[in-house]
Structures are given as C-alpha cells and as structure tokens.
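Reading through the structure tokens given below for one structure.
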Amino acid sequence: MDHHARKLFDEMPQLNCPRTVFSFNALLEAYLKSEKYDKIGGLFRELPPKLSIEPDLVSYNTGIKALCRAGLLDSAVYLMDEIENHGIKPNIVTCNTLLKAFHESKRFSEAESLWAMMEKRNIIPDLCSYNIKLTSLVKAKEVSKAIQFFEEIVNKGFKPDNFSYSAMIKMYVIKGNLEEVNMWYDKMTQNGCLPDVSTLTILISFACSAKKIDFALDLCKKAMNSRKAIHNTIMQRVVNCLVEHSKIENARELVKLAESYKSFPYELSLPLHS
DNA sequence: ATAGGGTTAG
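Residues in the first sequence are numbered consecutively from 1, following the UniProt record's numbering.
Here it is in structure tokens:
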C-alpha cells in the first residue's frame, strides 16, 4: 500500500493538512510495512529538504529498522552513529532494533557490546531488550540459559509479559515437552498474565499436535470469550482434530461459536465425510 | 508515532 500512502501524502496540501514530521514518519512506516526497504533512503533524500521537514529520532529509528530488515545491519549501525553526529541521540527503541538484528544474525558478541554500551550510556535495557535476548536463547535451544535468564528478568524487578512467557512456552513446544508447556502456561496465568493472540496460537497449535484436544478447545473458547481473533487456519485445525477424535458435537459447537463471533469472519467447515 | 513473541498441510 506504499503507493496509496505516497499519493495521500502528496495530496495533503490540497486537503488542507499541513505535512509535518509526523506525516513523514507515517509515510516511512507505510513503506516499511510494504517491505519497500530500498525506497526509504530516497524518501529521506527527497522529502525533508523539499518540505522543510526535519527528520526526528522516530524517522531515523524507522530508517534503521528498514536497513536491518533489508539485511544491511552494518549500514544500520552506521546510521545510528551518523545521526548522533547530527545531535540526535539514540534511545531504547534504536538499541532494541539493533539488538534484535544482531541476535538474528547470530552476531552475539556485537549484541553483548551493544548491551554494555546501553548500560554505560544510561539507555537502560527494558523488558523488550530482555525479551529479545530470551527469544534468542530459545531459538538457540539454550534451555538452561533461558531458564536462568528468565529468573534474571524477574530478579531485575521486571514483570514478565506475554512475550516472555511465549518464549518459554515456545521453547518447550520445540522440545515437545507437554508437562513444561503446561507448567509455564499455569505460571503465566498465576502471575496475572493473560495469554494474548500470539501465545494462544502457540498453545492451541501445540495442544493439537499433542492430541490434547480438550485443552485446545478450551483455549479457543477462551480466545473468543476475550475477543481475541485466532487465525482461521488454527481454528479449522482444532475443528478437524475434534472430528478426528470423534468429538463431533464439540466440533459443531466450536463452528457455531465461531460463526456467531462478530470480531472476525471465521469460515470453518466440518469435515464429516472425509 | 518508532522496538520484542505467533498459523498452515503433504
């Protein structure tokens, strides 16, 4: 949709809307979301001089993210240094963007250096920073390190959130450890953290593969009762599993419940004659 | 306003 965004941006004066750095940032965001990473540099060169818009930290953070997404991590780091030369100080968002990119590229020592730099420069790592590192440990299947790191998050005084618990749950999903998945799900709810759509997606998908079909059904109902729109394919999988386990009435009930669900247009079928 | 986790079958 980047073209639509650009068209509207160009039409703003005729619509009596002044173009500010906010509109410029929204335009950058549209290009980022459309994965037009290579076009973002051009926007920076073209628009600010022409419209006397001064790009701000949010603009540059978006630019840095685009470079990371495009696989140009070194350029992203360079841009962070460059904006600082122009008097704009990186913040926690800048650092977390780069932190994630370093971990995804397995450039762990640079991730560690960045973390140390943050602490030195009083850009205090927040829960998001910790979750990035936790997710990275999970991806590397470093089970004991992940457990230890989760403890560290708690000891630092953070209240683990959906991202933190999702990471731990995901780790045991990868391991196929049903007991631990359940343990972490319980721990999550007991600590007053209600699973969101992403966490429910992981849990429901795992419950289906582990043939814990009642658990899957229960989670689907929970999702709909709390107005959380689980993806259609996940819901269909639960319906299929119910049918496979001859729980036809439950399957019917779930399809009906989904049909009456107003927030999302579910299209589910009962595979009864397959 | 910008940063972190999530589907799918054969």
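All C-beta atoms, glycine included, are put in the ideal place defined by N, C-alpha and C. These figures come from a predicted structure and were not determined experimentally.
**Request:** Could you give the DSSP three-state label for Thr-20: helix, strand or coil?
**Result:** coil
**Message:** Measuring only the C-alpha atoms, how far is Ile-147 from Ser-105?
**Reply:** 22 angstroms
**Message:** I'd like the span of the alpha helix (DSSP H) that includes Gln-236, first residue to last.
**Reply:** 232-244
**Prompt:** According to DSSP, is Glu-152 helix, strand or coil?
**Reply:** helix
**Message:** Can you tell me whether His-3 is buried or exposed? The criterion is at least 16 other CB atoms within 10 Å of its CB, across all chains shown.
**Reply:** exposed
**Message:** Among the candidates Met-12, Lys-187, Ile-124 and Leu-32, whose CA atom is the shortest distance from the CA of Lys-156?
**Reply:** Ile-124
**Request:** Tell whether a beta-carbon distance below 8 angstroms holds between Gly-63 and Leu-79.
**Result:** Cβ atoms of Gly-63 and Leu-79: closer than 8 angstroms.
**Message:** Considering only the alpha carbon of each residue, which of Ala-101, Arg-237 and Lys-33 lies closest to Lys-211?
**Reply:** Comparing Cα positions, the closest option is Arg-237.
**Message:** So, with DSSP's three-state summary, where would you put Ser-263?
**Reply:** coil
**Prompt:** Ile-204 and Cys-220: beta carbons closer than 8 angstroms?
**Reply:** yes
**Enclosing alpha helix (DSSP H) for Lys-7 [first to last residue]** = 2-11
**Request:** Assign Phe-102 to one of three DSSP states: helix, strand, or coil.
**Result:** Phe-102 carries a helical assignment under DSSP once its states are collapsed to helix, strand and coil.
**Request:** Out of Arg-121, Phe-102, Cys-68 and Asp-74, point me to the one whose CA is closest to Asn-91's CA.
**Result:** Arg-121
**Message:** At the level of alpha carbons, what is the spacing between Ile-83 and Met-1?
**Reply:** 28 angstroms
**Prompt:** What is the DSSP secondary structure of Pro-48, reduced to helix, strand or coil?
**Reply:** helix
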